[in-house]
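Asks:
Protein chains: 2
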Amino acid sequence: MGRWEPNAQARLRQAAMDLYAERGFDQTTVAEIAEKAGLTERTFFRHFGDKREVLFGGSERLQEMLVASVTAADPGTDPAVTVAAAFEHAAEDYFPPVGYSRQRQQVIDANPGLQERELAKLDGLAAAMAAALRERETPDLPAALIAETGVAAFKVAFVRWVTDPADAPLLGHVRSAFAALGDVWSFAPGRI
Amino acid sequence: MGRWEPNAQARLRQAAMDLYAERGFDQTTVAEIAEKAGLTERTFFRHFGDKREVLFGGSERLQEMLVASVTAADPGTDPAVTVAAAFEHAAEDYFPPVGYSRQRQQVIDANPGLQERELAKLDGLAAAMAAALRERETPDLPAALIAETGVAAFKVAFVRWVTDPADAPLLGHVRSAFAALGDVWSFAPGRI
DNA sequence: ACCTTGATGTCAGCCGCTGTCATCACTCTA
DNA sequence: TAGAGTGATGACAGCGGCTGACATCAAGGT
Numbered sequence: 086m087g088r089w090e091p092n093a094q095a096r097l098r099q100a101a102m103d104l105y106a107e108r109g110f111d112q113t114t115v116a117e118i119a120e121k122a123g124l125t126e127r128t129f130f131r132h133f134g135d136k137r138e139v140l141f142g143g144s145e146r147l148q149e150m151l152v153a154s155v156t157a158a159d160p161g162t163d164p165a166v167t168v169a170a171a172f173e174h175a176a177e178d179y180f181p182p183v184g185y186s187r188q189r190q191q192v193i194d195a196n197p198g199l200q201e202r203e204l205a206k207l208d209g210l211a212a213a214m215a216a217a218l219r220e221r222e223t224p225d226l227p228a229a230l231i232a233e234t235g236v237a238a239f240k241v242a243f244v245r246w247v248t249d250p251a252d253a254p255l256l257g258h259v260r261s262a263f264a265a266l267g268d269v270w271s272f273a274p275g276r277i
Numbered sequence: 086m087g088r089w090e091p092n093a094q095a096r097l098r099q100a101a102m103d104l105y106a107e108r109g110f111d112q113t114t115v116a117e118i119a120e121k122a123g124l125t126e127r128t129f130f131r132h133f134g135d136k137r138e139v140l141f142g143g144s145e146r147l148q149e150m151l152v153a154s155v156t157a158a159d160p161g162t163d164p165a166v167t168v169a170a171a172f173e174h175a176a177e178d179y180f181p182p183v184g185y186s187r188q189r190q191q192v193i194d195a196n197p198g199l200q201e202r203e204l205a206k207l208d209g210l211a212a213a214m215a216a217a218l219r220e221r222e223t224p225d226l227p228a229a230l231i232a233e234t235g236v237a238a239f240k241v242a243f244v245r246w247v248t249d250p251a252d253a254p255l256l257g258h259v260r261s262a263f264a265a266l267g268d269v270w271s272f273a274p275g276r277i
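Protein chains in written order, with the working numbering: chain A, 86 to 277; chain B, 86 to 277.
If you want it as structure tokens, here you go:
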């Protein structure tokens, strides 16, 4: 047996997640993951760019969803509204149950390297959305600003979602965050 | 000679920066940095947590400045205004000449790992500012939101600063970004 | 002169990650 | 049905980042 058993990637991911949750990320070696999946360390690195990447699979899909939302929106719509709507849409369709997200976040929060990777993914999201906005004739500065601050707001909403004792749905947190965004930054000019 | 020559940390930093700029980050080994500084690899890791950290020294000072600004501001001031003012203040006092920042950014942009570390530092900034706002009785959601989106806006301003062919000062870019922030997110409710 | 302290050197070792080449299962084609 | 091609995996060697443990050396105080 061994070779040619199907779903190598899925088996590796499962083995990795189990070990990360069970004994922590640093205390897990790639060799152990591979062995548990009945494969080789070398094969692990053929399926995942690095040890951290296991936890961030599927983030490309989120990015595609967000970009698609922005691109598909009515060209007349305000770009900020477009981005807010894109995140609200993703909040409904993309994310796994809060229990899974909590466990995953627990692993990430316990490791600085994983946090760095997560931030990088979010930054990639912002860059992609900014590009999508520019495609829609939004000028550079507002495009970058809306994308970056939109991601920042979503980040806040996400944290509140996984830490919410009331288990309110993500969509609600996203709506609150974007609503508050409008209030918070609407001060009169000449402030300094 | 060798041992007990002064300024070990500064020599290591200088050697590292030179090598990173000259031949790239990945193409530089810690052993080479240490040798160029007349020290040992082991000693490098006594002064810097890892190979990347060399490029991010002094970020604690920026964080302290921002937090101090927020903490020192008139308690009656709107928190968003406080954060904007903190960044404007930092833009004037903290940053090195644009030439140095450009060279540094060039090294960082060429390496994903360095970008991750930079994002982590920015995230640390946001967390610290959020805490400072909470200290001033700003409720959780707006505190997190203002801190995170404030950092996001600053990020945009910084990028525009180092890529600005006109060499306009950072302060102007920061002001533009925060001004645009108010415009951009001030849409009417009931949008979706 | 001795002792303490802190920075450095030395050595061994783990582990993430990569390049290279062989090997195997499967498929297509003659 | 044999043989060639293809793609995934195994096996092996090696680099380099990073750490722990212990020895060593310069300086300051007693």
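The beta carbon of each residue, even a glycine, is placed where N, CA and C say it ideally should be. Since the model is a prediction, treat every value here as computed from it, not as a measurement.
Would you mind reading off the limits of the alpha helix (DSSP H) that contains Gly229 (chain B)?
Replies: For the purposes of this step, residue 229 (chain B) is taken as residue 144 along the second sequence, with counting starting at 1. Looking at the sequence provided, one finds Ala at residue 229 (chain B) rather than Gly. Segment 225 to 248, the alpha helix (DSSP H) holding Ala229 (chain B).
Asks: Using the Cβ count rule (16 or more neighbours within 10 Å means buried), how would you classify Gln190 (chain A)?
Replies: What you label residue 190 (chain A) is simply residue 105 of the first sequence in a count that begins at 1. Gln190 (chain A) is buried by the Cβ-count criterion.
Asks: Candidates A:Thr162, A:Glu177, A:Arg108: which alpha carbon is nearest Thr278 (chain A)'s?
Replies: Given a span of 86 to 277 for chain A in the structure shown, any question on residue 278 (chain A) remains unanswerable.
Asks: Please report the straight-line C-alpha distance between Ile231 (chain B) and Leu266 (chain A), rounded to a whole angstrom.
Replies: Counting from one through the second sequence, the residue named residue 231 (chain B) turns up at place 146. Counting from one through the first sequence, the residue named residue 266 (chain A) turns up at place 181. Between Ile231 (chain B) and Leu266 (chain A), the C-alpha separation is close to 8 Å.
Asks: Between Asp103 (chain A) and chain B, is any beta-carbon pair separated by less than 8 Å?
Replies: As a first step, residue 103 (chain A) is located in the first sequence; it is residue number 18 there, counting from the start. No, Asp103 (chain A) does not count as interfacial toward chain B.
Asks: Leaving out five residues on either side along the sequence, give the residues of the same chain with a beta carbon under 7 Å from the beta carbon of Gly198 (chain A).
Replies: By one-based count along the first sequence, residue 198 (chain A) stands at place 113. Excluding residues within five positions, the ones whose Cβ falls inside 7 Å are Arg137.
Asks: What span of residues does the alpha helix (DSSP H) with Glu149 (chain B) cover, start to end?
Replies: Residue 149 (chain B) sits at position 64 when you count from the first residue of the second sequence. Element bounds for Glu149 (chain B): 144 to 157.
Asks: Check whether the Cβ atoms of Ala217 (chain B) and Thr156 (chain B) sit closer than 8 Å, and answer yes or no.
Replies: Within the second sequence, the letter at position 132 stands for residue 217 (chain B). Within the second sequence, the letter at position 71 stands for residue 156 (chain B). Going by C-beta atoms, Ala217 (chain B) is nearer than 8 Å to Thr156 (chain B).
Asks: Thinking Val241 (chain A) and Ala262 (chain A) are a contact (beta carbons under 8 Å), I'd like their distance in whole angstroms, please.
Replies: The residue you call residue 241 (chain A) lines up with position 156 of the first sequence. The residue you call residue 262 (chain A) lines up with position 177 of the first sequence. Val241 (chain A) to Ala262 (chain A), Cβ: 5 Å. Contact.
Asks: Determine the burial state of Gly134 (chain A): buried for a count of at least 16 other Cβ atoms within 10 Å of its Cβ, exposed for fewer.
Replies: Numbered from its first residue, the first sequence carries residue 134 (chain A) at position 49. It counts as exposed.
Asks: Does the distance from the C-beta atom of Phe272 (chain A) to that of Val166 (chain B) stay below 8 Å?
Replies: By 1-based counting over the first sequence, the position of residue 272 (chain A) is 187. By 1-based counting over the second sequence, the position of residue 166 (chain B) is 81. Closer than 8 Å, so yes.
Asks: Just checking: is the beta-carbon of Lys287 (chain B) within a distance shorter than 8 Å of some beta-carbon in chain A?
Replies: Residue 287 (chain B) lies beyond the stretch modelled for chain B, which goes from 86 to 277, so this question has no answer here.
Asks: Give me the Cβ distance between Gln188 (chain B) and Ala106 (chain B), rounded to the nearest whole Å; I'm assuming they're in contact under 8 Å.
Replies: On the second sequence, residue 188 (chain B) is found 103 positions in, with the first residue counted as 1. On the second sequence, residue 106 (chain B) is found 21 positions in, with the first residue counted as 1. Contact between Gln188 (chain B) and Ala106 (chain B) holds, since their C-beta atoms are separated by about 6 Å, short of 8 Å.
Asks: Quick one: list the residues of chain A neighbouring Asp163 (chain B), beta-carbon separation under 7 Å, in chain order.
Replies: Within the second sequence, the letter at position 78 stands for residue 163 (chain B). Ordered by position in chain A, the residues that pass the 7 Å Cβ test against Asp163 (chain B) are Phe272.
Asks: Mark Gln333 (chain A) as exposed unless 16 or more other C-beta atoms lie within 10 angstroms of its C-beta, in which case mark it buried.
Replies: Outside the displayed span of chain A (86 to 277) sits residue 333 (chain A), for which this structure offers no information.
Asks: Which complete alpha helix (DSSP H) runs does the region 88 to 114 of chain B hold, if anything under 4 residues is left out?
Replies: Those alpha helix (DSSP H) runs which fall completely within the region 88 to 114 of chain B and span 4+ residues are 93 to 108.
Asks: Can you look up Asp252 (chain A) in the DSSP assignment and give me helix, strand or coil?
Replies: For the purposes of this step, residue 252 (chain A) is taken as the residue at position 167 of the first sequence. Looking at Asp252 (chain A) - three-state DSSP - the assignment turns out to be coil, as it is neither helix nor strand.
Asks: So what's Gly198 (chain A) in DSSP terms, helix, strand or just coil?
Replies: Taking the first sequence and counting its residues from 1, one reaches residue 198 (chain A) at position 113. Note: Gly198 (chain A) maps to helix in three-state DSSP.
Asks: Using a Cβ-Cβ distance under 8 Å, would Gly257 (chain A) count as near chain B?
Replies: Against the first sequence, residue 257 (chain A) aligns to sequence position 172. Residue contact with chain B for Gly257 (chain A): absent (no Cβ-Cβ distance below 8 Å to any residue of chain B).
Asks: Keeping to the same chain, check which residues put their C-beta closer than 8 Å to that of Glu233 (chain A); ignore five residues upstream and five downstream.
Replies: Here residue 233 (chain A) corresponds to residue number 148 of the first sequence, with the count starting at 1. For Glu233 (chain A), where only same-chain residues beyond five positions count, the Cβ hits under 8 Å are Ala211, Ala215.
Asks: Hey, is Arg202 (chain B)'s beta-carbon within less than 8 Å of any beta-carbon in chain A?
Replies: Taking the first residue of the second sequence as 1, we reach residue 202 (chain B) at position 117. Chain A, which has a Cβ nearer than 8 Å to the Cβ of Arg202 (chain B), makes this yes.
Asks: If you measure between the beta carbons of Leu97 (chain B) and Ala116 (chain B), is that distance less than 8 Å?
Replies: Counted from its first residue, the second sequence places residue 97 (chain B) at position 12. Counted from its first residue, the second sequence places residue 116 (chain B) at position 31. It is not a contact, given that the beta carbons lie outside the stated cut-off.
Asks: Which residue from B:Glu90, B:Gln112, B:Ala119, B:Asp111 puts its Cα closest to that of Gln99 (chain B)?
Replies: Within the second sequence, numbered from 1, the residue matching residue 99 (chain B) stands at position 14. Among B:Glu90, B:Gln112, B:Ala119, B:Asp111, the Cα nearest to that of Gln99 (chain B) is on B:Ala119.
Asks: Is there a Cβ from chain B that is less than 8 Å from the Cβ of Gly87 (chain A)?
Replies: Along the first sequence, read from residue 1 onward, the residue named residue 87 (chain A) stands at position 2. Bear in mind that the predicted position of Gly87 (chain A) carries a pLDDT of just 44, short of 50, making it too unreliable to give a figure here.
Asks: Counting C-beta neighbours from all protein chains within 10 Å, is the total for Thr114 (chain A) 16 or more, i.e. buried, or is it exposed?
Replies: For the purposes of this step, residue 114 (chain A) is identified with residue 29 of the first sequence, where counting begins at 1. Thr114 (chain A) comes out exposed.
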